[in-house]
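Read through the structure below, which is laid out as structure tokens, and then see the notes.
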Amino acid sequence: MLKEEAMMSENENLFHVTDGDFDQQILQSNVPALVDFWAAWCGPCRTVGPIVEELADEYKGKVKVAKLDVDANKEVAGKYGVRGIPTLILFKDGQVVDQIVGAVPKSRIKELLDKVS
Amino acid sequence: MQTDLVILGAGPAGLTAGLYASRARIPVVVIEKGLPGGQLTATETVDNYPGFSEAILGVELAQKMEAQARKFGVEIVQAEVKLVTPIDQGFSISTDEGKDFVGRGLILATGASPVKLGIPGELRLAGRGVSYCAVCDGPFFRHMEVAVVGGGDSAVEEACYLTRFASRVHLIHRRDELRAVKEIQERAFAEPKVSIHWNTLPVAVLGEKDVQGLRVRSTLDGSEEVLSVGGIFFYVGLHPNSDGFRNLVDTDERGFVITDSAMACSKPGVFAAGDIRSKILRQISTAVGDGATAAYSAQQYLEGLS
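Chains A and B, in that order, give the protein sequences. Counting the first sequence from 1 gives a position; this note's numbering is that position plus 16. Counting the second sequence from 1 gives a position; this note's numbering is that position plus 255.
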């Protein structure tokens, strides 16, 4: 039904992480990682979704870009205190570097990524 | 890129303007910083848009409006507008993506955003319990007490919506009666989980890492109390997304763009539609009306040029 779900599987540079593989995929990532905390019921998440897809391509090899469905993965969302979505959290060497809450323009997210890549 | 008409914003007003312009065979581009739909995407259900006798999801209505506009050939470009400059041929629009556009006519339909009150703790705890979108964040507050600040349609409607998740919803309102339409008020009065705090102002959001409470003050006797809430939703009004246009067109004292009844702004060739306009009622139904009128007026303006 929703466009984002249909588009999700197409991009091979965009990772989908879960409570189960978050440590390995994000905290132990060799490159900085950007995680988009989202859910199907969140309209503004659909604003950020396509931007995150584009960034996954543009920063390929420099920043690992991933999505995490907060509905299915409450443990990670809870651990990082996420109580509002969309939230984007940037990780480097297993630590939180910065985060953005709410739907923001692509240029703002790029500023964040350019600091670490 | 050169075109006849550039529309800024793809909410209900911008999409309707695009639809009407495209059907009039005016070359048109709509520039949207996010995805089409505007505030609709942050609305749970829409009960008052004619034609949908069963409530429709905000997101679904947005997608239908977008599909209809695209069906008639409207091009929607995703970019954030940085600068609008009047030039000899019309208006030059530069964007953050480096793509620039030139239009002979321009429709401003960038809408409005929730006002931030700016009380202590509010901005610091945004996304950590402070929210401006109940649809986005409501499910994080299952079995918790939450507060909603405001007394208009959005505030009261979202307070009712939040009862699906929260154990109790405190509606904080500065006056002794609500501004919301009666039908919505009646729903709130009938909802046992909603407690209304009349004549009450929010003073500070409390909490270190996340929201632990809201300090409120009575406007009657100045007494204060702390509500132990884990979430606070602010619905205290709208701020026009007109910051980039205030040198281009006249605005009212709050920054909303002033138009005549044909949606024409003070600058010839510029029109405005939807929530960005200075007007008395901001609804989806009034936005689409504005959009249709603005497209028609722009068409007449463009025909007058050639």
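The C-beta atom is built at its ideal place from N, Cα and C for all residues, glycine as well. Predicted model, so just to flag it, every value in this text is computed and none were measured.
Coil, strand or helix - residue i by DSSP
i: B:S516; result: coil
i: B:V314; result: helix
i: B:T300; result: strand
i: A:D37; result: coil
i: B:F489; result: strand
i: B:A402; result: strand
i: A:V51; result: strand
i: A:Q44; result: coil
i: A:S123; result: helix
i: B:L417; result: helix
i: B:K354; result: coil
i: B:V504; result: coil
i: A:D130; result: helix
i: B:S277; result: helix
i: B:G510; result: coil
i: B:A410; result: helix
i: B:G293; result: helix
Those residues which DSSP pairs with residue i across a bridge
i: B:L260; result: B:V283 and B:G360
i: B:A367; result: B:P495
i: B:Q333; result: B:E287
i: B:V543; result: In DSSP, B:V543 forms no bridge with anything.
Element boundaries [alpha helix (DSSP H), containing residue i]
i: A:G65; result: G59 to E74
i: B:I439; result: K437 to A445
i: B:K534; result: Note, B:K534: premise wrong, no alpha helix (DSSP H); not H, not E.
i: A:K95; result: K90 to K95
i: A:K83; result: Unbroken run through A:K83 is the beta strand (DSSP E), K80 to D85; no alpha helix (DSSP H).
i: B:E463; result: It is not in any alpha helix (DSSP H) - B:E463 carries neither H nor E in the DSSP assignment.
i: B:L390; result: Reading off the sequence, residue 390 of chain B comes out as Val, not Leu. Taken as a continuous stretch (DSSP letters only), the alpha helix (DSSP H) holding B:V390 covers A389 to D392.
Residue i versus the options, residue with shortest Cα-Cα distance
i: B:M399; options: B:L372, B:S422 and B:E412; result: B:S422
i: B:P447; options: B:G293, B:E299, B:S540 and B:T418; result: B:T418
i: B:E463; options: B:D431, B:G376, B:Q554 and B:A367; result: B:G376
i: B:G358; options: B:V339, B:A367, B:K371 and B:P394; result: B:V339
i: B:T300; options: B:I311, B:G353 and B:F444; result: B:I311
i: B:I262; options: B:Q555, B:Y556 and B:A550; result: B:A550
Proximal chain B residues relative to residue i, where beta-carbon distance stays under 7 Å
i: A:I101; result: C391 and D392
i: A:V117; result: A381 and G382
i: A:G110; result: None at all; the shortest Cβ gap to chain B is about 19 Å.
i: A:T63; result: G289, L290 and T296
Proximal residues of chain A, C-beta to C-beta of residue i below 9 Å
i: B:E377; result: Chain A residues near B:E377: none, gap ~12 Å exceeds 9 Å.
Host beta strand (DSSP E) of residue i (start-end)
i: A:Q114; result: The sequence as given places Asp at residue 114 of chain A; Gln does not occur at that position. Its beta strand (DSSP E) spans residues Q111 to V117.
i: B:S473; result: G468 to S473
i: B:A527; result: V525 to A527
i: B:L426; result: R423 to I427
i: B:E480; result: E479 to L482
Partner residues on chain B for residue i, Cβ-Cβ distance less than 9 Å
i: A:K122; result: K288, Q333, A334, E335, D351 and E352
i: A:G77; result: Under the 9 Å cutoff, chain B gives no residues; its nearest Cβ is about 22 Å from A:G77.
Contacts of residue i in chain A (Cβ-Cβ under 8 Å)
i: B:A268; result: Simply none; closest approach about 17 Å.
i: B:K522; result: None at all; the shortest Cβ gap to chain A is about 25 Å.
Neighbour list for residue i in chain A, Cβ cutoff strictly below 7 Å
i: B:H386; result: In the sequence as presented, His is not what sits at residue 386 of chain B; that position holds Ser. Ordered by position in chain A, the residues that pass the 7 Å Cβ test against B:S386 are G100.
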